[in-house]
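Note sheet for the following structure.
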Amino acid sequence: MDIRRTILWMIFVFSVFAIWNNWQTYNGQPSLFGQAPQSETTSNPASGTPGVPNAATPAGTASTPSTAAPAVASEKITITTDVFKLNFDSIGAQIVYAELLKYPSTENRDQPIVLLDNSPTAEYIVQSGLVAPQGINKRYPDQNTPFRMVSTETTMTGDTLPVVFESESDGIKVTRTYTFHRNSYRIDVKDEVTNTAAESQSPSLYLQIARDSQDPAGSSSFYPTFTGMAVYSDEERFQKVSFSEIDKKNADYIKSADDGWISVIQHFFVTAWVPEEGKERYIDMRKVSNSLYAISAVEPLGNIAPNSTVATQSTLWIGPQDQKALAAISPSLDLVVDYGWLTILAKPMFTFMTWLHSLVGNWGWTIVLLTVIIKLILYPLSASSYRSMAKMKNVAPRMQALKEKYGDDRQKLNTAMMEMYRTEKINPLGGCFPILIQIPVFLTLYRVLLSSVEMRDAGWIGWITDLSARDPYFILPAIMMATMFLQIKLNPTPPDPMQARIMMLMPLVFGAMMFMFPAGLVLYWVVNNILSIAQQWYITRNMNKAANEAILTHK
Numbered sequence: 061m062d063i064r065r066t067i068l069w070m071i072f073v074f075s076v077f078a079i080w081n082n083w084q085t086y087n088g089q090p091s092l093f094g095q096a097p098q099s100e101t102t103s104n105p106a107s108g109t110p111g112v113p114n115a116a117t118p119a120g121t122a123s124t125p126s127t128a129a130p131a132v133a134s135e136k137i138t139i140t141t142d143v144f145k146l147n148f149d150s151i152g153a154q155i156v157y158a159e160l161l162k163y164p165s166t167e168n169r170d171q172p173i174v175l176l177d178n179s180p181t182a183e184y185i186v187q188s189g190l191v192a193p194q195g196i197n198k199r200y201p202d203q204n205t206p207f208r209m210v211s212t213e214t215t216m217t218g219d220t221l222p223v224v225f226e227s228e229s230d231g232i233k234v235t236r237t238y239t240f241h242r243n244s245y246r247i248d249v250k251d252e253v254t255n256t257a258a259e260s261q262s263p264s265l266y267l268q269i270a271r272d273s274q275d276p277a278g279s280s281s282f283y284p285t286f287t288g289m290a291v292y293s294d295e296e297r298f299q300k301v302s303f304s305e306i307d308k309k310n311a312d313y314i315k316s317a318d319d320g321w322i323s324v325i326q327h328f329f330v331t332a333w334v335p336e337e338g339k340e341r342y343i344d345m346r347k348v349s350n351s352l353y354a355i356s357a358v359e360p361l362g363n364i365a366p367n368s369t370v371a372t373q374s375t376l377w378i379g380p381q382d383q384k385a386l387a388a389i390s391p392s393l394d395l396v397v398d399y400g401w402l403t404i405l406a407k408p409m410f411t412f413m414t415w416l417h418s419l420v421g422n423w424g425w426t427i428v429l430l431t432v433i434i435k436l437i438l439y440p441l442s443a444s445s446y447r448s449m450a451k452m453k454n455v456a457p458r459m460q461a462l463k464e465k466y467g468d469d470r471q472k473l474n475t476a477m478m479e480m481y482r483t484e485k486i487n488p489l490g491g492c493f494p495i496l497i498q499i500p501v502f503l504t505l506y507r508v509l510l511s512s513v514e515m516r517d518a519g520w521i522g523w524i525t526d527l528s529a530r531d532p533y534f535i536l537p538a539i540m541m542a543t544m545f546l547q548i549k550l551n552p553t554p555p556d557p558m559q560a561r562i563m564m565l566m567p568l569v570f571g572a573m574m575f576m577f578p579a580g581l582v583l584y585w586v587v588n589n590i591l592s593i594a595q596q597w598y599i600t601r602n603m604n605k606a607a608n609e610a611i612l613t614h615k
């Protein structure tokens, strides 16, 4: 099989791959590149705060907190750390706004990205509170209850910043402490629940994240990514749920566990609650309003005697999908970086790239170095391929002569060609193997670049300031097209003029495809092409030199 057939096979494979991917997303299934964007979006999510449903807990365990408007006006309290600017709402002590100071916005690189928000155009908030057993007409402190801030510091000056809120209603007092850490998106949350009534009480603590179904700013329909909810348990492992699955009421996820976490995921970022291990909690995902969804974990606190206090710990993460930091909180939390069916290859590749990055300090040069290493590993196989192609080029005149000799007699022509291949020791399939091996490498690197927040805003040189985004000036795709043209010139010219014209169109087809792919992926392909050209030129030159020396010797 010569190079023209190899490239035609590549086009066929990629076309089938793209058609299947579009069919998957059209039918509401996860994209092969990531979850397709949700079709049901709105620029004005419904207002109001979601309550905790009875379905989140066993029958008769907890009632729904009131969603009636609080009697007092809310107050926004701004907390600033070295990585956060957050707003707490005094109603519910909920986090209603979060800027990630070290990550620039996609729309305006001079401004930090806003992850959490509660505005007329976006709703994405973090809540927690208490609910009474079902059938008990009491309203414990929840997201609609006024809290007061009892700590005084709002700006981090040391290594930690504790922010403390208190609230009391219907014989239950809650003291909630959010502890922020320097250079970390981890927030430790401690709830101390005191029974101030004369009789025993049995509240349940809920941890909740509510988000509208809008895609995050900067989303691309060319390479869709997952925006939705995810839950983990040792029993069912990692489970993703899209907003459309919640709409259709066919979401499949574990309903109770004593381990794991709940989360809301979007491209590069995640908000997650990690309750205490070993404590039973009940999990629920639901649609609250027209475009607002909520995921909750409800933990019964047991029977609390009068004047007694029960304390519970949980961890909240609001930030990037930093695999190392997430795994430090929970060994499974790094699974929010979902490489899909390529995980078995992508995880080791990312680990290896991280090690290379520790040596060179730049993700662009890391990709270049990775490409060189992959090329060295595959050198023997590709060398054999290039020798076969060089021999094919040398015997092209003889092959044309055979076609003229046998005309339309395909059987005799094929027999003569196979005999020539055996005599000249040519492997007609030699050109296929290196490219077929490159396809899983290409797709794996694509997933790593698309999913790893480390690549976001990671520059290389000059105009390449974000390897996870397309080349803003299309310079790398243009270089890629040029290298593909050069590779075609080094290969045997197809005897059929129509095939020759098709071959010359191939760089344009692939180059156009690469216009919208991440710059880091195009960089890999460009470096691979340049190394392939150098290897092919070197092998062809040596073969021609050896052939010339053999001719001179016989003379």
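Residue numbers are given in the numbering used here: position 20 of the sequence shown equals residue 80, and the series is strictly consecutive. Where is the CB? At the ideal position from N, CA and C, for every residue including glycine.
- Assigned with DSSP and collapsed to three states, tryptophan 377 falls in strand.
- A direct Cα-to-Cα measurement between alanine 476 and leucine 462 gives close to 7 angstroms.
- Looking at the backbone, the Cα of lysine 250 and that of isoleucine 535 are separated by about 52 angstroms.
- Glutamine 261 sits buried, since 16 or more C-beta atoms from the chains shown fall within 10 Å of its C-beta.
- Contact between isoleucine 355 and isoleucine 322 holds: their C-beta atoms lie close to 5 angstroms from each other, under 8 angstroms.
- For glutamate 514, the secondary structure class from DSSP, reduced to helix, strand or coil, is helix.
- Within the model, the alpha-carbon separation for aspartate 398 versus serine 511 is close to 7 angstroms.
- Just measuring C-alpha positions, the residue of Leu550, Pro335 and Gln154 sitting nearest glutamine 373 is Pro335.
- Excluding the 5 residues flanking it on each side, valine 324 has same chain C-beta neighbours closer than 6 angstroms at Ile269, Arg271, Met289 and Thr331, in chain order.
- The Cβ-Cβ distance between leucine 546 and valine 432 does not fall below 8 angstroms.
- Under the three-state reduction of DSSP, tyrosine 184 is assigned to strand.
- Buried is the label assigned to leucine 395, since at least 16 other Cβ atoms lie within 10 Å of its Cβ.
- Here lysine 472 is exposed, its C-beta having fewer than 16 other C-beta atoms within 10 Å.
- Looking at the DSSP output, valine 249 shares a beta bridge with Tyr238 and Ser374.
- Counted as a single uninterrupted DSSP element, the beta strand (DSSP E) harbouring isoleucine 355 occupies residues 352 to 360.
- Within the DSSP bridge table, the entry for serine 227 names Val234 as partners.
- According to DSSP, serine 302 shares a beta bridge with Gly288.
- Asparagine 255 is bridged by DSSP to Ile232.
- The C-alpha of valine 348 lies about 27 angstroms from the C-alpha of glutamate 295.
- In this structure, DSSP gives leucine 395 a helical state, which the three-state scheme calls helix.
- DSSP places valine 191 in the strand class (E or B) of the three-state scheme.
- Between tryptophan 423 and alanine 579, the C-beta spacing is not below 8 angstroms.
- Its Cα nearest to that of glutamine 326, the residue Pro276 stands out among Asn168, Val234, Trp415 and Pro276.
- If you look at proline 408, you'll find it in the alpha helix (DSSP H) that goes 403 to 420.
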